[in-house]
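>
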Amino acid sequence: MNSMEKVRIKSEIKKILKTMPNILFAYIHGSFLKEKFRDIDVAIYLDKEYKYDKKTILKKELELEEILGRKIKYPVDVRVLNNSPLSFRFNVIRYGEILFSKNEDVRSDFEALTISEYHDFAYFRRVYMKEALNLEV
Numbered sequence: 107m108n109s110m111e112k113v114r115i116k117s118e119i120k121k122i123l124k125t126m127p128n129i130l131f132a133y134i135h136g137s138f139l140k141e142k143f144r145d146i147d148v149a150i151y152l153d154k155e156y157k158y159d160k161k162t163i164l165k166k167e168l169e170l171e172e173i174l175g176r177k178i179k180y181p182v183d184v185r186v187l188n189n190s191p192l193s194f195r196f197n198v199i200r201y202g203e204i205l206f207s208k209n210e211d212v213r214s215d216f217e218a219l220t221i222s223e224y225h226d227f228a229y230f231r232r233v234y235m236k237e238a239l240n241l242e243v
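If you're matching positions, the sequence shown starts at 107 in the working numbering and goes up one per residue.
1) Return the Cβ separation of V184 and I129 in integer angstroms, given the expectation that the two are a contact with Cβ distance under 8 angstroms.
2) Confirm, please, whether the CB-CB distance from G175 to Y133 is below 8 angstroms.
3) Between F138 and R231, what straight-line distance do the alpha-carbon atoms span, to the nearest angstrom?
4) In this structure, how does DSSP classify Y234 when only helix, strand and coil are distinguished?
5) CB-CB under 7 angstroms to K177, same chain, minus the five flanking residues each way: which ones, in chain order?
6) Three or more beta-carbon pairs under 8 angstroms between the region 215–224 and the region 158–173, yes or no?
7) Determine the closest residue to P191 out of K236, Y224, K208 and P127, with distance taken between C-alpha atoms.
8) Can you list, in chain order, the residues of its chain with a C-beta nearer than 6 angstroms to that of Y196? Leave out the 5 residues immediately preceding and following it.
9) With a CB to CB cut of under 8 angstroms and the five nearest residues on each side skipped, what residues in its chain are close to K112?
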């Protein structure tokens, strides 16, 4: 796939997600940003004013995968960032690309908190790897 087609796909995903009032910002990440890919990975952040349980989040992810996949004709994997594991959030921020942001204050706070938590936890991760797995990291 050429770069123009990738730009078109990103634009289409952005256009669809921006219309959804409870999505404050979104990233595209994973293999789609490289040359070869099997699916398109999208991470979204939901407005905290809405209340979400795990079942509602899963339903939202599956619903968006269906909508986006049907529109762009490629498999799409959608994940909600709000309660995702720290390492996932950090990698999306570090290696992903922002598709859009409706609220820069919320997005920058989310990124700052995630990066801070990740680096705070790095010490404990190294200790665990050394003691439990006998690995030097």
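C-beta: ideal position from N, C-alpha, C; glycine also.
Reading off the structure:
1) Position 78 of the sequence shown, counted from the first residue, corresponds to residue 184. Position 23 of the sequence shown, counted from the first residue, corresponds to residue 129. So it is not a contact: roughly 10 angstroms between Cβ atoms.
2) Position 27 of the sequence shown, counting from 1, holds the residue named residue 133. Position 69 of the sequence shown, counting from 1, holds the residue named residue 175. Against a cut-off of 8 angstroms, the Cβ pair of G175 and Y133 comes out as no contact.
3) On the sequence shown, position 32 is the one that residue 138 refers to. On the sequence shown, position 125 is the one that residue 231 refers to. Answer to the nearest angstrom: the Cα atoms are 29 angstroms apart.
4) For this step, residue 234 is matched to residue 128 along the sequence shown. Note: Y234 maps to helix in three-state DSSP.
5) Numbered from 1 along the sequence shown, position 71 holds the residue referred to as residue 177. Counting only Cβ-Cβ distances below 7 angstroms, and skipping sequence neighbours, we find E118 and I122.
6) no
7) One-based indexing of the sequence shown puts residue 191 at position 85. P191 has its Cα closest to that of Y224, out of K236, Y224, K208 and P127.
8) Reading the sequence shown from its first residue, position 90 is the one you call residue 196. Sequence check: residue 196 is Phe here, not Tyr. Hits under 6 angstroms: T220 and Y224.
9) Taking the sequence shown and counting its residues from 1, the one referred to as residue 112 is at position 6. Correct list, in chain order: F138.
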